[in-house]
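Notes follow the structure.
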Amino acid sequence: MLHLTSLGVHFGDRTLFDGVNLAIGTKDRIGLVGRNGAGKSTLLKIIAGLQKPSNGNVNTPKDYRIGYLPQEMEHDEESTVMEVAMQAFEEVRSLETRLLALTKEVGERTDYESDSYADLIQELSDANDRLDAIGASSTEEQTHRILQGLGFKISDMTRQMSEFSGGWKMRVELAKLLLMQPNLLLLDEPTNHLDIESIEWLEGFLIHHPGAILLISHDRVFLDTLTKRTVEIGGVKLYDYKGPYSAYQRWREEERSRQEQAAKNQQKYIQETQDLINKFRAKKNKAAFAQSLIKKLEKLDRIEVDAAENMQIRFRFPPAPRSGKVIFEAKTLKKCFDELTVFKGLDFIMARQEKVALVGKNGAGKTTLTRMLVGQEHCTAGHLNVGHNVDIGYYAQNQTDELNGNLTVMETLEEVAVGDIRKQLRGLLGSFLFSGDDIEKKVKVLSGGEKARLALCKLLLHPYNVLILDEPTNHLDLKSKSVLKEALQQFDGSLIVVSHDRDFLSDMTQLVYEVTPTGLKQYIGDIKQFLHEKHASSITSYEANRVVKIERTKSAKSGEKKSKQASGGDLHRAKKAQEKAVRKAKNAVERHEKTIAQLEAKQQDLNAAMAEADPSDRNKVTDLAYAYEAVQREMQDTINRWEKAIEEVERLTSN
């Protein structure tokens with residue numbers, strides 16, 4: 008168990024946090040949350056040994072291994088993807104070298120009864136056990152499996168790191184960490200550069216990680232799926248709650264309500280006591296009584312109410328001017344960069360006031376398509392028509408990089424604001440948490456979250472009727488994302504949003520467009536319906552392939568099985584046992600399929616309940632969403648068991 012004791016970090020007069028005490032168990036799954044700038048990333052660096060605290064200690068057990076994935080890091084550009092990932096097995100190479108030395112020494116020793124010889128044998132045994140535990144005999148197979156799970160193709164394994172974007176390089180580093188299987192995984196925003204498919208794969212993998220996990224994430228679904236404990240770090244107090252983030256959030260609201268009521272009751276008692284003191288202190292025969300009441304008040308422990316985090320983005324997009332009925336119409340769009348074809352055959356029509364989620368694997372061309380829609384890229388083939396009176400507000404994935412670092416926050420808005428809106432800039436910046444001296448800060452000194460808020464603020468300076476947002480939630484904390492989502496839900500124009508954040512996309516759009524290399528697939532509904540249909544499609548495809556393989560195997564083996572039936576008593580009994588095992592495995596398949604059907608029905612009921620729920624009833628909406636995610640997790644577990652049962656049927660029928 009790792010212990011943090013009285014940990015504090017101070018920068019001059021500024022205290023980031025102080026008095027942090029935390030114990031991390033061997034299999035803990037902890038979500039570390041808090042506002043931007045609270046010190047979450049700093050805490051991870053201290054635990055990883057990369058930064059020293061101002062005071063306090065980090066106590067780790069002997070031979071305790073920590074794996075740390077930061078948000079930004081340097082990469083080995085000249086090595087291949089496979090070579091970098093295989094660096095995870097330095098321990099294997101070290102153990103194998105030590106094993107050779109130990110084996111040689113054992114062969115040369117003759118003092119079999121000595122304590123030192125016994126210690127040598129024990130070390131040899133421990134080294135062998137450790138090699139077995141970390142799968143030393145299958146390192147390449149493990150590496151291929153994890154890299155493919157994170158989206159790499161077989162052909163990518165021998166490519167140099169310099170050929171990949173920052174997001175893909177981060178995946179290689181993540182693969183290396185997962186292969187190390189440390190006692191404690193420290194993950195700082197691990198989903199930032201992953202598409203939805205890879206995020207779901209990572210969730211499934213981390214669920215079975217044998218050690219502890221401490222992660223920072225602004226992805227609510229990711230936190231709720233993986234964590235069973237939530238720690239919120241603040242300047243004064245550390246909250247430690249046994250439950251995932253959504254449950255913790257409800258508890259915090261309830262706890263604060265209880266504190267407010269207790270403080271209110273205490274204040275009433277204090278006022279009544281003070282009235283008695285004022286009434287009796289001037290009377291000689293009651294003076295002693297008044298003094299006793301004064302002492303009683305002095306000894307009273309005052310109830311403190313946790314500060315309400317009211318400081319969050321509060322805004323609405325301006326009303327959208329009316330556009331034509333058709334916003335975009337694309338026919339057989341194709342986009343190539345030199346010899347690389349990003350996509351081809353894209354056809355779609357987007358109507359006025361439609362809200363669309365644009366999804367797909369990383370590299371599928373989502374950002375390229377958004378740039379084509381706003382005229383920053385041209386199509387290689389096909390036609391793209393923009394509708395009448397369409398006025399587009401565009402938030403690029405690298406929008407924060409487009410800001411002029413030498414301008415102040417106020418100058419950034421003054422540069423584009425025209426008309427009466429210029430008089431409202433201070434109030435607008437205040438709603439985005441820029442107040443006082445903040446508006447005079449240079450953009451280049453702002454944090455990633457502050458730059459993201461400033462870029463979003465610029466979108467409000469003009470009444471657009473179409474918003475195209477490419478990863479708008481990058482660098483935003485959970486509360487800011489929630490407010491942005493609410494503003495987009497109320498936006499009365501057309502919306503195209505690219506995001507891998509399932510909670511953010513949930514209940515925001517009516518359509519999901521999946522960008523693939525061969526075209527655009529349309530799904531009616533929001534991201535939950537899209538994921539449901541994708542999972543169902545995967546199950547159907549998987550089952551069909553398995554059935555074909557099983558039937559082919561049966562046909563190929565039929566003649567052989569007929570000859571076996573005529574063999575003898577022993578063979579007959581073996582056949583009966585085989586048939587019994589096959590029936591059992593097939594029954595398991597049917598049982599799991601029934602469970603999957605029941606869970607699908609539950610999901611449909613929950614979807615209907617969420618559609619009918621009053622959006623203003625936050626508690627009910629949150630409870631329904633939490634119930635939906637629980638059913639979704641149970642569905643995935645059942646699918647995993649179903650797949651194993653199918654494999655068992657195939658194995659038995661192929662013998």
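Those letters in the sequence shown? Residues 8 to 662, by the numbering used here.
Quick reminder that beta carbons are idealized off the backbone N, C-alpha and C, glycines included.
Rounded C-alpha distance that separates A573 from T602: As a working mapping, residue 573 is identified with position 566 in the sequence shown. As a working mapping, residue 602 is identified with position 595 in the sequence shown. Residue confidence is low: A573 scores 45 on pLDDT, short of 50, so the model does not pin down where it sits. Its coordinate-derived value is still stated next. Near 39 Å, if we compare the C-alpha coordinates of T602 and A573.
Integer-rounded CB distance, given that G367 should sit under 8 Å from E3: No statement about residue 3 is possible, as the shown extent of the chain runs from 8 to 662 and does not include it.
Give a single yes or no on whether K34 has its beta carbon closer than 6 Å to a heavy atom of the ligand ATP. As presented, the structure is devoid of all ligands, the ligand ATP included, so that no description of it is given.
Give the C-beta separation of P217 and Q188 to the nearest angstrom, bearing in mind that I take them to be a contact with Cβ-Cβ under 8 Å. Your numbering for residue 217 matches position 210 in the sequence shown. Your numbering for residue 188 matches position 181 in the sequence shown. Going by Cβ atoms, the distance from P217 to Q188 rounds to 6 Å, so yes, they are a contact pair.
Going by DSSP in three states, F159 sits in which element: helix, strand or coil? On the sequence shown, residue 159 is found 152 positions in, with the first residue counted as 1. F159: coil per DSSP, three-state reduction.
Check the C-beta distance from L347 over to G389 and give it rounded, since I have them as a contact under 8 Å. Here residue 347 is taken as the residue at index 340 of the sequence shown, counted from 1. Here residue 389 is taken as the residue at index 382 of the sequence shown, counted from 1. Not really, about 17 Å apart at Cβ, beyond 8 Å.
Residues near A595 in its chain [Cβ-Cβ closer than 6 Å; skip 5 each side]: Along the sequence shown, read from residue 1 onward, the residue named residue 595 stands at position 588. These residues qualify, in order along the chain: A652.
Assuming I446 is part of the alpha helix (DSSP H), what are its boundary residues? In the sequence shown, the residue the question calls residue 446 occupies position 439. Bounds of any alpha helix (DSSP H) do not take in I446, whose DSSP letter is neither H nor E.
For Q455 and E79, what's the separation of their Cα atoms in angstroms? Working through the sequence shown from its first residue, we reach residue 455 at position 448. Working through the sequence shown from its first residue, we reach residue 79 at position 72. For the sequence presented, residue 455 should be read as Gly rather than Gln. Cα to Cα, G455 sits roughly 12 Å from E79.
Mapping DSSP to helix, strand and coil, what is E336? Counting from 1 along the sequence shown, the entry for residue 336 is found at position 329. Reduced to three states, the DSSP call for E336 is strand.
When you compare only the Cα positions, how much space is there between W649 and V589? Residue numbering aside, residue 649 sits at position 642 when the sequence shown is read from its first letter. Residue numbering aside, residue 589 sits at position 582 when the sequence shown is read from its first letter. Going from the Cα of W649 to the Cα of V589 covers about 14 Å.
Could you give the first and the last residue of the continuous alpha helix (DSSP H) run that contains D282? Residue 282 sits at position 275 when you count from the first residue of the sequence shown. Counting along the chain, the unbroken alpha helix (DSSP H) around D282 starts and ends at Y252 to F287.
Pick out whichever of I240, S144 and V113 has its Cα sitting closest to the Cα of S132. As a first step, residue 132 must be located in the sequence shown, where it is residue number 125. Of the candidates I240, S144 and V113, the one whose C-alpha sits nearest the C-alpha of S132 is V113.
Collapsed DSSP secondary structure at V393 in the structure displayed: Here residue 393 corresponds to residue number 386 of the sequence shown, with the count starting at 1. The answer is strand: DSSP assigns V393 an E or B state.
Short Cβ contact (7 Å threshold) for K47 with I284: Within the sequence shown, residue 47 is the residue found at index 40, counting from 1. Within the sequence shown, residue 284 is the residue found at index 277, counting from 1. No; because the gap between Cβ atoms is not below 7 Å, this pair is not in contact.
Contacting residues, own chain, Cβ-Cβ under 7 Å from L230 (five flanking each side not counted): Against the sequence shown, residue 230 aligns to sequence position 223. The residues are G38, S224, P251 and Y252.
In terms of DSSP beta bridges, what is G526 paired with? As a working note, residue 526 is residue 519 in the sequence shown. In the DSSP output, where bridge partners are listed per residue, G526 has T523.
Report the rounded CA-to-CA distance for D25 versus R460, giving the unit in angstroms. Within the sequence shown, numbered from 1, the residue matching residue 25 stands at position 18. Within the sequence shown, numbered from 1, the residue matching residue 460 stands at position 453. The straight-line gap from Cα to Cα measures roughly 28 Å.
In the DSSP assignment, find the beta strand (DSSP E) that holds R36 and state where it starts and stops. Here residue 36 refers to the residue found at position 29 of the sequence shown. Note, R36: beta strand (DSSP E), R36 to V40.
If you count every other CB in all the chains shown that lies within 10 Å of the CB of E81, and 16 or more means buried, which is it? Mapped onto the sequence shown, residue 81 falls at position 74. The residue is exposed, with fewer than 16 neighbouring Cβ atoms inside 10 Å.
Spell out whether any CB of chain B is found under 7 Å from the CB atom of P68. Chain labels in this structure do not include chain B; a single protein chain is all it has.
In terms of alpha-carbon separation, which member of Y248, K244 and R227 lies closest to T237? Counted from its first residue, the sequence shown places residue 237 at position 230. Among Y248, K244 and R227, the Cα nearest to that of T237 belongs to Y248.
C-alpha gap between A140 and I334, whole angstroms: Position 133 of the sequence shown, counted from the start, is the residue given in the question as residue 140. Position 327 of the sequence shown, counted from the start, is the residue given in the question as residue 334. Looking at the two C-alpha atoms, the distance is approximately 58 Å.
If we require 3 or more residues per run, which beta strand (DSSP E) segments fall completely within the stretch 47–103? Listed in chain order, they are 62–66 and 73–76.
Is the beta carbon of L502 closer than 7 Å to that of Y402? Stepping through the sequence shown from its first residue, residue 402 is reached at position 395. Stepping through the sequence shown from its first residue, residue 502 is reached at position 495. Contact: no.
With a threshold of 16 other CB atoms inside 10 Å of the CB of F344, please say whether the residue is buried or exposed. The residue you call residue 344 lines up with position 337 of the sequence shown. Per the 10 Å Cβ criterion, exposed.
Where N472 and Y71 are concerned, what is the direct C-alpha to C-alpha distance, given to the nearest angstrom? Position 465 of the sequence shown holds residue 472. Position 64 of the sequence shown holds residue 71. In this model, N472 and Y71 are separated by some 56 Å (Cα to Cα).
Nearest to L51 by CA position, among G74, D35 and K69, is which residue? As a position in the sequence shown, residue 51 is number 44, starting the count at 1. Nearest neighbour of L51 by Cα position, chosen from G74, D35 and K69, turns out to be G74.
Got a sec, what are the start and stop residues for the beta strand (DSSP E) S501 sits in? In the sequence shown, the residue the question calls residue 501 occupies position 494. From DSSP, the beta strand (DSSP E) with S501 extends over S501 to V505.
Tell me which same chain residues have a C-beta within less than 6 Å of the C-beta of K235, skipping the five on either side of it? Mapped onto the sequence shown, residue 235 falls at position 228. Closer than 6 Å at Cβ, skipping near neighbours: R36.
Determine the extent of the beta strand (DSSP E) in which G5 is found, giving its start and end residues. The structure shown does not extend to residue 5, since the chain is modelled only from 8 through 662, so no value can be given for it.
Are there 16 or more other CB atoms within 10 angstroms of the CB of F18, so buried, or fewer, so exposed? Here the question's residue 18 lines up with position 11 in the sequence shown. Under this definition F18 is an exposed residue.
So is R21 buried or exposed if we call it buried at 16+ other beta carbons inside 10 Å? Position 14 of the sequence shown, counted from the first residue, corresponds to residue 21. Its Cβ having fewer than 16 others within 10 Å, R21 is exposed.
Taking the alpha-carbon positions, what's the T407 to E279 distance? Within the sequence shown, the letter at position 400 stands for residue 407. Within the sequence shown, the letter at position 272 stands for residue 279. In a straight line, the C-alpha of T407 is about 56 Å away from that of E279.
Identify the continuous beta strand (DSSP E) that holds F355 and give its terminal residues. Along the sequence shown, one-based indexing puts residue 355 at 348. Per DSSP, F355 belongs to the beta strand (DSSP E) from L347 to A358.
Bridge-paired residues (DSSP) for K342: Residue 342 sits at position 335 when you count from the first residue of the sequence shown. F350, per the DSSP bridge assignment.
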